[in-house]
Every structure is written in C-alpha cells, then in structure tokens.
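Engineer:
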Ligand SMILES: [Mn+2]
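Okay, here's the thing in structure tokens:
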C-alpha cells in the first residue's frame, strides 16, 4: 500500500476498495499497538475534540489549523457515528497515523466501541457502502488498539471523558488493558464517559448511565498528585466550541461544528505553544450534509 496515494485518495472523498480498507486498518492497528496507554508529547501541539463523521469539516479543520507535516496533533476520540462519513474520517486519520506516527496521537473515545457503533451509525454506514459487515471487525480491532491518554510537556493531560474514582495516578491508567471492548463500568469506562460537574466537590453518579461526574476537589487533587496543571477533555457539546470548568483547570474542547446538522454550534481546536501558552481556533461548518 502506497500511503501517500491512500491519503490523497481519501482526501478526495473516494471509497477505498474493501481489500485496501482491510490493509489500511490492519497496518494502523500494528502502529497503534506499539504505543503505551499514556502518550508523552512535547508542545507545540493542537488538541482536537469530537469529530463524529463530518469529513468536510475535518478537512477544513486541518486547513485552518495546519496539516500534520507542520502541526502536531492530539485527537481525543469520537471519530465516528452521528455524521455521514465515519469511514472516511477514521480511515483518513489512520492513514495519517501510519505516515506520521510521531506527529499525530489518536486517543480512544466512548464511540470507539462495538456496542455504540452498532447503534449510532458506523455499522449502518459500512453495510450500506460495502454490502458486508466484515469491515466492522477491522474497525473494532483498530479501536481496541487506541491509547487512552496523552500528556503534553508533563503538564497537560488529555482524556476523552475525564476522571475515575478508581484512578489516582497516571500509572493507574497505564495498568489498564485497553485491548478490549469498553467495559460498562470501572476505570476504563469512566475515562471515556465521565463529565465535570459543579454540583458536587467529589464524585457523583452520571445521568448518562456510564462513567461518573467529577467535581472540583477531586480534579484538583488528581492534578496536584500527578504534577499536572490542566485536564483537557472532549465528549460534551459546547455551543461556543470550548468551555472551562473549575477555574480554568478543566477544559472541554468540541470540534464538530453544527453537530448532527442541527445544533448550530461553533467548533474549536485548542493550541498549546512551546511555552504552554493557551489559545483557540474557532470554526463553523462548511458542509451540512
Ligand atoms: Mn464522547
């Protein structure tokens, strides 16, 4: 497989022949398997939230924030479902990961799950476009190789959802076996499903039915214990594209403009320069279908 040609082919919104899709995802899985659960990254870096299958908006995001050869990226998961182009979004990011393994980090979101994809879009899209559900197994294999967290300059941690009452240290994340379906409870589940809350200081049951709500006190204690300054996470729609909680110690980044083609929300990408100075790039949708 010529990875440059594959990247160009996908960028032009072409459907990969089924054998090429298999080769791409198998190769991507091999690359991701080499990584540990928590990836250490040096700034400058751009940090991206949910994408949910909107490929035109993903390409526009790269156009506005820089292509991978010039800009390092952390993607915090939820590449698939809801939008019409989950296959293209995920295949394109995997192709970039194969070409630039050190410049792009792809984390696991709660949508990178067999159960969730059966309900929210990817499986239906695969059946429609490939008249077979076999490719879904290759997607699942690749999902199960995605790492769980990234730490920028030893100071800023990125996780799809947030904290867990059973995780106290970064090393606790490292001990999780990520090569599996996301469990319905426990630390792995919490990392990809949890949300911050102002309602309480510590932990509380989540109305989502998975993950937990975490408050200011436990977030501050987690940051202190691990010598961190900020938690960056995705997972929740924010109308303006980003939202701070707990005195700018927890940041939600949302990168799907006009989510589900009906939310009329802005999207943003979070930038950390070499001194960890924070900034945001905002953008609106360029495609509604
Ligand atoms: Mn999510």
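In the numbering used here, the protein residues as written are 36 to 324. Just so it is clear, CB atoms sit at the ideal spot from N, CA and C, and this is done for glycine as well. Computed from a prediction, not measured in an experiment: that's the story for all the values here.
Any contact of the stretch 207 to 222 with the stretch 145 to 156, i.e. 3+ C-beta pairs under 8 Å?
Structural biologist: Yes: at least three Cβ pairs fall under 8 Å.
Engineer: Scan the stretch 112 to 198 and note each continuous beta strand (DSSP E) run of 3 residues or more that stays entirely inside, going in chain order.
Structural biologist: Correct list: 139 to 141, 184 to 187, 191 to 193.
Engineer: To the nearest angstrom, report how far apart residue 249 and residue 199 are at their CA atoms.
Structural biologist: Along the chain shown, read from residue 1 onward, the residue named residue 249 stands at position 214. Along the chain shown, read from residue 1 onward, the residue named residue 199 stands at position 164. Going by the C-alpha atoms only, they are around 8 Å apart.
Engineer: Find the nearest neighbour of residue 119 within the set 252, 78, 89, judged by alpha-carbon distance.
Structural biologist: Counting from one through the chain shown, the residue named residue 119 turns up at place 84. Nearest option by C-alpha distance: 89.
Engineer: Indicate the three-state DSSP secondary structure (helix, strand or coil) for residue 66 in the structure shown.
Structural biologist: For this step, residue 66 is matched to residue 31 along the chain shown. In the structure shown, residue 66 sits in a helix (DSSP, three-state: H, G or I).
Engineer: Shortest alpha-carbon distance to residue 190 belongs to which of 47, 322, 308?
Structural biologist: The residue labelled residue 190 in the question sits at position 155 within the chain shown. Checked all of 47, 322, 308; the closest Cα to residue 190 is 308.
Engineer: Less than 6 Å between C-beta atoms, sequence neighbours within five positions excluded: which residues of the same chain meet that for residue 170?
Structural biologist: As a working note, residue 170 is residue 135 in the chain shown. Excluding positions up to five away in sequence, the list reads 56, 161.
Engineer: Give every residue of the same chain whose Cβ lies closer than 6 Å to the Cβ of residue 314, excluding the five residues on either side of it in the sequence, and list them in chain order.
Structural biologist: The residue given as residue 314 occupies position 279 in the chain shown. Answer for residue 314: 306, listed in chain order.
Engineer: Does the separation of the CB atoms of residue 258 and residue 266 fall below 8 Å?
Structural biologist: If you number the chain shown from 1, residue 258 lands on position 223. If you number the chain shown from 1, residue 266 lands on position 231. Result yes, Cβ atoms of residue 258 and residue 266 sit closer than 8 Å.
Engineer: Excluding five sequence neighbours on each side, which residues of the same chain lie with their C-beta closer than 8 Å to the C-beta of residue 326?
Structural biologist: A query on residue 326 cannot be resolved here, the shown segment of the chain reaching from 36 to 324 and no further.
Engineer: Starting from residue 9 and walking both ways along the alpha helix (DSSP H), at which residues does that stretch end?
Structural biologist: This structure leaves residue 9 out entirely; the chain is present only between 36 and 324.
Engineer: To which residues does DSSP link residue 239 through a beta bridge?
Structural biologist: Here the question's residue 239 lines up with position 204 in the chain shown. According to DSSP, residue 239 bridges with 248.
Engineer: Drop a sphere of 10 angstroms on the beta-carbon of residue 213, count the other beta-carbons inside from all chains shown, and report buried for 16 or more, exposed for fewer.
Structural biologist: Here residue 213 is taken as the residue at index 178 of the chain shown, counted from 1. That one is buried.
Engineer: Hey, quick one: how far does the alpha helix (DSSP H) through residue 41 stretch, first residue to last?
Structural biologist: In the chain shown, the residue the question calls residue 41 occupies position 6. First-last of the alpha helix (DSSP H) with residue 41: 38 to 46.
Engineer: At a cut-off of 7 Å, would you count residue 145 as near ligand 1, judging by its Cβ distance to the nearest heavy atom?
Structural biologist: Within the chain shown, the letter at position 110 stands for residue 145. Under cutoff, so the answer is yes.
Engineer: Pick helix, strand or coil for residue 267, following the three-state DSSP scheme.
Structural biologist: Against the chain shown, residue 267 aligns to sequence position 232. Three-state DSSP puts residue 267 in a strand.
Engineer: Can you tell me which of the three DSSP states residue 226 falls into?
Structural biologist: Here residue 226 refers to the residue found at position 191 when the chain shown is read from its first residue. Looking at residue 226 - three-state DSSP - the assignment turns out to be helix.
Engineer: Just checking residue 237 against ligand 1 - is the residue's beta carbon closer than 7 Å to any of the ligand's heavy atoms?
Structural biologist: Residue numbering aside, residue 237 sits at position 202 when the chain shown is read from its first letter. Not under cutoff, so the answer is no.
Engineer: Let's test the definition: count the other Cβ atoms within 10 Å of the Cβ of residue 204 and tell me whether it reaches 16, buried, or not, exposed.
Structural biologist: On the chain shown, residue 204 is found 169 positions in, with the first residue counted as 1. Answer is exposed; the Cβ neighbour count stays below 16.
Engineer: For the beta strand (DSSP E) containing residue 110, list its first residue and its last residue.
Structural biologist: Position 75 of the chain shown holds residue 110. Residues 108 to 110.
Engineer: So residue 207 is in the beta strand (DSSP E); what residue range does that whole segment cover?
Structural biologist: For the purposes of this step, residue 207 is taken as residue 172 along the chain shown, with counting starting at 1. It is not in any beta strand (DSSP E) - residue 207 instead sits in the alpha helix (DSSP H) that spans 205 to 209.
Engineer: Inspect the beta-carbon positions of residue 177 and residue 63 and report whether they are closer than 8 Å.
Structural biologist: Locating residue 177 in the chain shown gives position 142, counting from the first residue. Locating residue 63 in the chain shown gives position 28, counting from the first residue. For residue 177 and residue 63, yes; Cβs fall inside 8 Å.
Engineer: Flag this pair as yes or no: are the beta carbons of residue 226 and residue 196 separated by less than 8 Å?
Structural biologist: In the chain shown, residue 226 corresponds to position 191, counting from 1. In the chain shown, residue 196 corresponds to position 161, counting from 1. Result yes, Cβ atoms of residue 226 and residue 196 sit closer than 8 Å.
Engineer: Under 8 Å between C-beta atoms, does residue 303 make it to chain D?
Structural biologist: Protein chain content of the structure displayed is limited to a single chain, and chain D is not contained in it.
Engineer: Should residue 179 be labelled buried (16 or more other beta-carbon atoms within 10 Å of its own) or exposed?
Structural biologist: As a working note, residue 179 is residue 144 in the chain shown. Answer is buried; the Cβ neighbour count reaches 16.
Engineer: Is any heavy atom of ligand 1 found at a distance shorter than 7 Å from the C-beta of residue 230?
Structural biologist: Walking along the chain shown from the start, residue 230 turns up at place 195. No, Cβ of residue 230 sits at least 7 Å from all heavy atoms of ligand 1.
Engineer: Going by the CB atoms, is the gap between residue 208 and residue 72 shorter than 8 Å?
Structural biologist: If you number the chain shown from 1, residue 72 lands on position 37. If you number the chain shown from 1, residue 208 lands on position 173. Yes, the Cβ-Cβ distance between residue 72 and residue 208 is below 8 Å.
Engineer: Compute every distance between the C-beta of residue 225 and the non-hydrogen atoms of ligand 1, then say whether any falls below 7 Å.
Structural biologist: On the chain shown, position 190 is the one that residue 225 refers to. Every heavy atom of ligand 1 is 7 Å or more from the Cβ of residue 225, so no.
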